[in-house]
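Numbering (the numbering used here), first residue to last: 2 to 1147.
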């Protein structure tokens, strides 16, 4: 559907009622502190106090869109809900008084509607900080009595109501009343379960000025008070019915299935961290007022509560200077992703209409075009806040894995793991730590059941790597029936002579050499001395029975294939590779850092023919042998091709010096690719070992040879049903070649240096199928890209890895592994075959039910990887994971991990585009996400107004992260992204772990204000409206680093970072910061280095000056904003998601 051609619609509410200032949306979210809930007793929750003194500021208020103006809108139809203010001339645009800090959202729904204040609202200059502070000091925040919400049920925030019919005079807000509008957001550091401390200005800040709203109720009850009868949806609503944030709802029909989506939803986050079963009858906060019916007229809703968010809480409480950029740099923000200009407008006394009563605001000025309704971005769940809360709550204590079904800290939290019988989350992360007992329940919830497994993950220095267990010639102890390996879930019986398998329940004899007595609890007395009985992860030394052809393996070999065609030589790539290899060969992988590496090496150069080199240690000079018949590839030499580095060092260095000179004047532009892989495969076969090929390649292989490709880049197919063909390989040649490579244990890593289309979708087939990697350096330039390429190459050569690996995932009865995602090959339905498996690669496994599970026993999975270590030893690495099972949906929703769910969804979607049009893939994902949230709403949340969006606590970020996946270059490309880039990113994501996919979809944006001490500055949300013209920001995407410099950045800041005090003198082409002798510069460079060390790929630094052409690339990663390719902003997408959920529920 084309939403930009949406018919302009009149407001469904008729003319505004007198004094009705169409309230904007408050921070949604807040919630009862842990054990507390709504309070419906006498109206003493509000302590009266003196009304605030001095002029109060009001932002642009919201009102219906003028009927005559058609508004372009986002990807999703919104009907009346327009995101962002209407276009304004500069006389009205005011600087936004927003500091670039993330704002906590409160955990519940808030309605912003209340009486007009009785004092005059002057819209003049913003009050000074002192005055704001004075206004706030009159407020009190109380905590409320216990909630009636059932354990585990989300707090469903009913529309606002207040028990008293007399609005008190002062603005004292209590967290006890149902927090549809009354509860302020929690302070940044507070966990969602804590009430905001009274002294925290952040909490009360959004509500200075104006009395609290009077009682306003939705009436699901049978007898609404006479003053507030529900109205038929043909009539305009009475002004007193303000039960819903924004304009009153049109009963059930305010999100009809047509293009109109009605007002923005209030959002309620349901913390589901309460133990215990979930009786369906548990009462929620009453959706109606339980005291006496109100009498008398109800004052109309006010604008006073809309004065929120001028000074968001956070590390920078100082009042920001007005940002002149609003007139010069940034126009008034009209992108759907940007907030309303939050400054006051001169001479604008609120939205009054002709003939309208004026509630104490002075004479009504001339009518002004009303602003659109706008869901405040600060009121919707903030990824930054969730990450920060998790870091505060979970980084201090070690995470012990002994508790079954316990969700680990987020990937963004720095924590220590203690293995007590379940694999560390660094090895395995699950989408859900409470599995549904039945297939029906899993189908109803639509929550994917999957595990992201990183078998050879590197652990931090303070954690012990898996122990190596050697059982001698007998080999590892296994279950007779299902062949599961000995693990903590095996139950020893009959005094220790037999054990019962935890996976299939079969009983197996204990071999005599393994026998041990049991203690009084039934555990073996040597339980804690044996890693396989007490740890979640460990390794067995494999016997000859586990080796190919029943013989122990040879140490692996590395072969380097260097493209010496014209483009490769001219770009400087050949010279850089040859120089680097001379030192890099001293860093080949080894198990014992003291010993020499046993990995052997070989060298080949190629263009449209191949040149093999004999570097035998007895030679004075290397010898070249040319194979020009590439249609039938063979190895021209055996002895002297694969050698030990130390034995042949002089000959190898001589060769690496000569290669750049030999081909310096080449005119050959054509290359081959298929025969290159075939040559490496033949060499490994001849040496009877596994190994890795490093291929440095520059162009589309168009020379006559097996695997020749043609240029098929066709932008016209993008967005059509034929687009999927562009992601599929051109022919079956490379798929068959990959199969042969896997059988030999030949892993391929491909380094691409293209200046034009090279068909990554086809060239990447062999690397992706063999467990290898693809690295891409488009328009490679030696001076700017050298650092990135060399760091990637060094890490790739040195990192620990296994060869010739086979992985199998076993599960307990009731579930089984049905689908696998990653870089590997499968010749049957159970064995994942990897010619190479390094410490960065993950395999994602999806599980399905084949029987019922029991809550008593839970579900078990065991991942076993058989591989050859870099020293040539055959090993078995075993990871075990036990999760709980549940028969209540609420338990499932309480123990999910959103980051892992997004990792799974993105891999599923990126694989689906091979066979399905991208639009269908996107729609399917939106639908599944809506089903997950609708199922929660229907089965786990307390009853509440349909106008509210209710999200489970642990999934409140699902919409924002899912939107980032939908907008990604692979699924929704901009005009400037090439097919090669999309194919590259698609392959790259397939084996990313959860921490890498998290930063890939939701980059980290750090304001560089104060860099004191060892801690990082608090990140801000990914939106342009969070950027201050006077600031400098660091953005990390996992593949890039951007340093964004505001046009008005302070001279001192620029001097500290760049060594120059003026903005114009900063060189935007620099790729590394100057090493200056000041603490700020040193700390910033440390931060950049630490970010790079956490990622598997080196992130090149790009300096972006505000309003420079490169800023478009930077803004592309601000994923809460609307994207140029048509992706929705976070606010728009949340409204669209709410509409989808309501359609499913109706």
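We put the beta carbon where it would ideally sit given N, CA and C, even for glycine.
Inset, instruction - Decide if residue 966 is buried, meaning its Cβ has at least 16 other Cβ atoms within 10 Å, or exposed. - result: Counting Cβ neighbours within 10 Å, residue 966 comes out buried, since at least 16 surround it.
Inset, instruction - Leaving aside the five residues before and after residue 975 along the sequence, list all residues of the same chain whose C-beta is less than 8 Å from its C-beta, in chain order. - result: Result list for residue 975: 1117, 1124, 1125, 1126, in chain order.
Legend entry - Rounded C-alpha distance that separates residue 670 from residue 678: Going from the Cα of residue 670 to the Cα of residue 678 covers about 19 Å.
Legend entry - Selection from 1107, 600, 572 that minimises the alpha carbon distance to residue 665: Ranking 1107, 600, 572 by Cα distance to residue 665 puts 572 first.
Inset, instruction - Return yes when the C-beta of residue 1094 is under 8 Å from any heavy atom of the ligand FAD, and no when it is not. - result: Within the structure as shown, the ligand FAD is missing, as the structure has no ligands at all.
Legend entry - Inside the stretch 560-611 only - beta strand (DSSP E) runs reaching at least 3 residues: DSSP runs (the beta strand (DSSP E)) wholly in the stretch 560-611: 601-607.
Inset, instruction - For residue 499, count neighbouring Cβ atoms within 10 angstroms of its own Cβ and tell me buried if that reaches 16, exposed if not. - result: Burial call: exposed.
Legend entry - Element boundaries [beta strand (DSSP E), containing residue 541]: In the DSSP assignment, residue 541 falls within the beta strand (DSSP E) that extends over 538-542.
Legend entry - Close-in-space but distant-in-sequence residues of the same chain around residue 1093 (CB under 7 Å, 5 per side omitted): Excluding sequence neighbours, residue 1093 sits near 1099, 1100.
Legend entry - Among 1071, 641, 1079, 1041, the one whose alpha carbon lies nearest that of residue 1054: Among 1071, 641, 1079, 1041, the Cα nearest to that of residue 1054 belongs to 1079.
Legend entry - Contact between the stretch 927-944 and the stretch 970-984 (3+ Cβ pairs under 8 Å): With a cut-off of 8 Å, the stretch 970-984 and the stretch 927-944 do not count as touching, because too few Cβ pairs lie within range.
Legend entry - In chain order, each beta strand (DSSP E) run of at least 3 residues that lies wholly inside the stretch 757-797: DSSP runs (the beta strand (DSSP E)) wholly in the stretch 757-797: 775-777.
Legend entry - Identified DSSP bridge partners for residue 697: Per DSSP, 563, 752.
Inset, instruction - Kindly say whether residue 795, judged by its beta-carbon, lies nearer than 9 Å to any beta-carbon of chain C. - result: The chain labelled as chain C is not found in the depicted structure, where only one protein chain is given.
Inset, instruction - Please confirm if the stretch 990-1008 is in contact with the stretch 778-787, defined as three or more CB-CB distances below 8 Å between the two stretches. - result: In short, these stretches do not touch, since the Cβ pair count stays below three.
Inset, instruction - Measure the Cβ-Cβ separation of residue 399 and residue 417 and say whether it is below 9 Å. - result: With a cutoff of 9 Å on beta-carbon distance, residue 399 and residue 417 are scored as near each other.
Legend entry - C-alpha gap between residue 381 and residue 579, whole angstroms: Spanning the two alpha carbons is a distance of roughly 53 Å.
Inset, instruction - Compare the beta carbon distance of residue 880 and residue 456 with 9 Å and say whether it is the shorter of the two. - result: For residue 880 and residue 456, yes; Cβs fall inside 9 Å.
Inset, instruction - Determine the direct distance from the alpha carbon of residue 691 to that of residue 607, and round the result to whole angstroms. - result: About 22 Å.
Legend entry - Range of the contiguous beta strand (DSSP E) that encloses residue 834: Counting along the chain, residue 834 sits inside the beta strand (DSSP E) bounded by residues 833-839.
Legend entry - Proximal residues to residue 468 (C-beta, below 6 Å), its chain only, five neighbours per side dropped: Its chain contains 532, 539 as the residues whose beta carbon lies nearer than 6 Å to that of residue 468, once the 5 sequence neighbours on both sides are disregarded; these appear in chain order.
Legend entry - Alpha carbon of residue 1008 to alpha carbon of residue 462, nearest angstrom: Each residue's Cα considered, the two are about 29 Å apart.
Legend entry - Rounded separation between residue 1044 and residue 1086 - CA only: Approximately 12 Å, taken between the alpha carbons.
Legend entry - Chain-order list of residues whose beta-carbon lies under 6 Å from that of residue 776 (same chain, five-residue window excluded): So the list reads 752, 793, once near-sequence residues are dropped.
Legend entry - Residue burial classification, residue 1142 (beta-carbon count within 10 angstroms, cutoff 16): So residue 1142 counts as buried.
Inset, instruction - State whether the stretch 634-645 contacts the stretch 680-689, with contact taken as three or more CB pairs (one from each stretch) at a distance under 8 Å. - result: Contact between the stretch 634-645 and the stretch 680-689 is present, because at least three Cβ pairs lie under 8 Å.
Inset, instruction - Would you mind working out which of 402, 442, 413, 623 sits nearest residue 1, comparing C-alpha positions? - result: Outside the displayed span of the chain (2 to 1147) sits residue 1, for which this structure offers no information.
Inset, instruction - Whole angstroms is fine: what's the gap from residue 947's alpha carbon to residue 1026's? - result: So the two alpha carbons sit approximately 31 Å from each other.
Inset, instruction - Could you tell me whether the stretch 824-843 touches the stretch 737-744, using the rule of 3 or more Cβ pairs below 8 Å? - result: The stretch 824-843 vs the stretch 737-744: in contact.
Inset, instruction - Give me the Cα-Cα distance between residue 260 and residue 950, rounded to the nearest whole angstrom. - result: Because the pLDDT of residue 260 is 38, which lies under 50, any placement of that residue in the model is unreliable, and the number read from its coordinates should be weighed accordingly. About 18 Å.
Inset, instruction - List the DSSP bridge partners of residue 268. - result: Per DSSP, 950.
Inset, instruction - Return the residue from the list 873, 893, 756, 913 that minimises the CA-CA distance to residue 821. - result: The shortest Cα separation from residue 821 among 873, 893, 756, 913 belongs to 913.
Inset, instruction - May I ask which residues mark the beginning and end of the alpha helix (DSSP H) holding residue 431? - result: Looking at the DSSP string, residue 431 is not in any alpha helix (DSSP H); the run it does join, the beta strand (DSSP E), is 429-431.
Inset, instruction - Counting only the same chain and skipping the five closest in sequence on each side, list residues whose C-beta sits under 8 Å from that of residue 856. - result: Within the same chain, Cβ atoms closer than 8 Å to the Cβ of residue 856 are found at 438, 885, 886, 887, 888, the five residues on either side in sequence being excluded.
Inset, instruction - Could you work out which residue in 708, 475, 569, 796 is closest to residue 545 when comparing CA atoms only? - result: Measuring from the Cα of residue 545, the nearest candidate turns out to be 475.
Inset, instruction - Can you tell me which of 428, 550, 423 puts its alpha carbon nearest to the alpha carbon of residue 845? - result: Scanning 428, 550, 423 for the CA closest to the CA of residue 845 turns up 428.
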